[in-house]
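Written out below as structure tokens is the structure these notes cover.
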Amino acid sequence: MVWAEPLKAKNIRRVTVMLSKKAKGLGLTLASAILLAACGGSSSPDTASKSSTSNKDGESNEVVTITFWDENAGPERTPIWQEIINRFEEENENIKVEYFGLPKDEAKSKIDAAIAAKDVPDVASIQTSWLPEYSIREAFLPLDDYFADSELNGKINQGTIDFNKKIVNDGKLYGVPYTQNLDVIWIRPDLFAEAGIEAPKTWDDFFSSVDTMTTDDMYGYTIRGGAGGSLQLQRLMYAYSGITEYVTEDGKATVNDPAHKEFLEKYFALYLNNTPQSDITNGYKEMVATFDTGKAAMVHHNIGSFGEHSKALEADQFEAIPLPVTVDGGNYVAEGGNTIGVSIFAETEHPEEAFKFLEFVNNAESQSNWNRLIGQIPTNSDVMAEDWIQDAQHLSVAFSVYDDENTALYEPPFYLPDYRSILDNQVDPAIQSVMAGDLSIDDFLSDWAEAIEASAAKYAEAFN
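Just so we're aligned: the sequence shown equals residues -37 to -1, 1 to 427 in mature numbering (1 follows the signal peptide of the UniProt record, and there is no 0).
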């Protein structure tokens, strides 16, 4: 397995390309919802179109319109995409980009429906974990030849490119990542100081801190019980256990390992005692709002919620800390493949124009602006020496995790076509059943493991 070596903060100015390294060493990637059609997008997706205009000399210039779907539209991200699109159109007067924003929790289902109806956009922002399924459905245009001839070749973190090719069955490139992420815990350092406690470094510290910070006026923590909860939960589970195999060589899932049961018994016991009752249905936006409005002292998310925190809180009221080292006191464990990229749909009538937009999204200026405002890690090496990266507290935390020679990665089975469907459609609602007391943790983990194992068996039968 090949991963991109993380950048050491002290050497960051000298780094021009992120190197590759095996998963056991330093790890790959460091890497929320309302529909904002009014911010330049339409109320519904339209197919690409052409029109004719004349230049100042009276010559006819064909104008091509391509559609771009954003899989995580909202007040933080939509304006950034609009700025990128505006600059692109200024530099490419014969190409117009129609923006269409999808709410994060509905994005995949809407893209699924569009693919089934053969009514897709030209280009979209796509989560890495969706690539295996969509490649099997032949939804995307292979980008290998385009990328090989592009100025991006050699600039985009090679580990992220290799990973995107590895997880699809045919080994082709279907998405170029523009951002990388890492899960962290956000805390209120000002309130921790008032309580006289330090930021947690171990899991015992974590649970103790949640209890200490729970008062009559504030919860110690907030849980994501709604959409997307399974993704966060499994990252906590594997960070706790230290297990790096999600599916073993003989096809057995590890989600139901006893260490994960041990963690979940402690974790779900926080609900109602140290977290809001509304957590059972809270998605990303509600969870972050609980923290940003001072109703919770800690929240687990990723570095990508920096933008929301920085707008709602003062600089000394929030900071990122790593997920604690494994329960045995060993090392950090993070999830590999935590990236988002740009993909082009196979049905596009304008592949050249779509790839030109993909290139623009991934150039240094666009990546720098997007990642600086959102708070995530760019993949373009030309951005890595910029001051904002070196000065950001949450990014220094991310680098400290990946600079640690003992850091290990676990790799989810992205290659399973229904991996995300299992999480979204089975595990997410099951989390709510556990929190409501209607499902035991044993049954929760067993059902999860059985679904993954059944999927792995079907995959092995079909492709091996």
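Here a beta-carbon is modelled for each residue, glycine too, at the ideal position from N, C-alpha and C.
The Cβ-Cβ distance between F377 and I130 falls below 7 Å. Nearest to E25 by C-alpha distance, out of E316, A419, S329, A420, is E316. In the structure shown, the three-state DSSP call for K248 is helix. Here W149 really is in contact with M261; their C-beta atoms are around 7 Å apart, less than 8 Å.
With three or more CB-CB distances shorter than 8 Å, the region 392 to 401 counts as touching the region 229 to 245. Within the same chain, and ignoring the five residues on either side of N132 in sequence, the residues whose Cβ sits closer than 6 Å to its Cβ are F426. One thing to note: T28 has its Cβ within 7 Å of the Cβ of E61. A straight-line Cα-Cα distance of about 13 Å links F320 and D33. In this structure, the CA atom of K59 is about 29 Å from the CA atom of E96. Counting C-beta atoms within 10 angstroms of its own C-beta, E54 has fewer than 16 neighbours from the protein chains shown and is therefore classed as exposed. In the DSSP assignment, L372 forms a beta bridge with A297.
Three or more Cβ pairs closer than 8 Å define a contact, and the region 266 to 276 falls short of that threshold against the region 286 to 299. By alpha-carbon distance to Y201, the top candidate from G191, F226, I186, E212 is F226. By the 16-neighbour rule on beta-carbons within 10 angstroms, W351 is exposed. Under the criterion of beta carbons closer than 8 Å, Q195 and R187 qualify as touching, at roughly 5 Å. With a 10 Å radius around the Cβ and a threshold of 16 neighbouring Cβ atoms, G270 comes out buried. Checking the DSSP bridge columns, you'll see Q143 partnered with T302, I340. Within the model, the alpha-carbon separation for R151 versus G159 is close to 12 Å. Residues of the same chain with a CB within less than 6 Å of the CB of F407, apart from the 5 flanking positions on each side, are A393, V397 in chain order. The Cβ atoms of A283 and V173 do not sit closer than 7 Å to each other.
DSSP places I89 in the uninterrupted beta strand (DSSP E) bounded by 86 to 90. In the same chain as F110, and ignoring 5 residues on each side of it, the C-beta atoms closer than 7 Å to its own belong to N116, L136, V139, in chain order. In the same chain as S113, and ignoring 5 residues on each side of it, the C-beta atoms closer than 8 Å to its own belong to F318, E322, in chain order. Apart from the 5 residues on each side of it in sequence, H357 sits with its Cβ closer than 8 Å to the Cβ of V147, I266, F269, E282, A283, G338 in its chain, given in chain order. DSSP, reduced to helix, strand and coil, places M200 within a helical segment of the structure shown. Under the three-state reduction of DSSP, N57 is assigned to coil, being neither helix nor strand. DSSP places N24 inside the beta strand (DSSP E), whose first and last residues are 23 to 33.
Note on Q240: under 16 other CB atoms within 10 angstroms of its CB, so exposed under the neighbour-count rule. Boundaries around P285 are those of the beta strand (DSSP E), 282 to 285, since no alpha helix (DSSP H) includes it.
If you ignore the 5 residues before and after T142, its C-beta comes within less than 6 Å of the C-beta of A(-7), I303, N334, Q339, all in its own chain and listed in chain order. Between the alpha carbons of G299 and K128 lies a gap of roughly 14 Å. With respect to E310, V83 sits close: the two C-beta atoms are nearer than 7 Å.
Only residues of its own chain outside the window of five on either side were considered, and among them V210, G214, K215, A216 have a CB closer than 8 Å to the CB of E416, listed in chain order. Pairing K73 with N35 gives a Cβ-Cβ distance that is not under 7 Å. The Cβ atoms of N343 and K81 lie no closer than 7 Å to each other. Looking from the CA of I47, the closest CA among A327, D85, L379, V218 belongs to A327.
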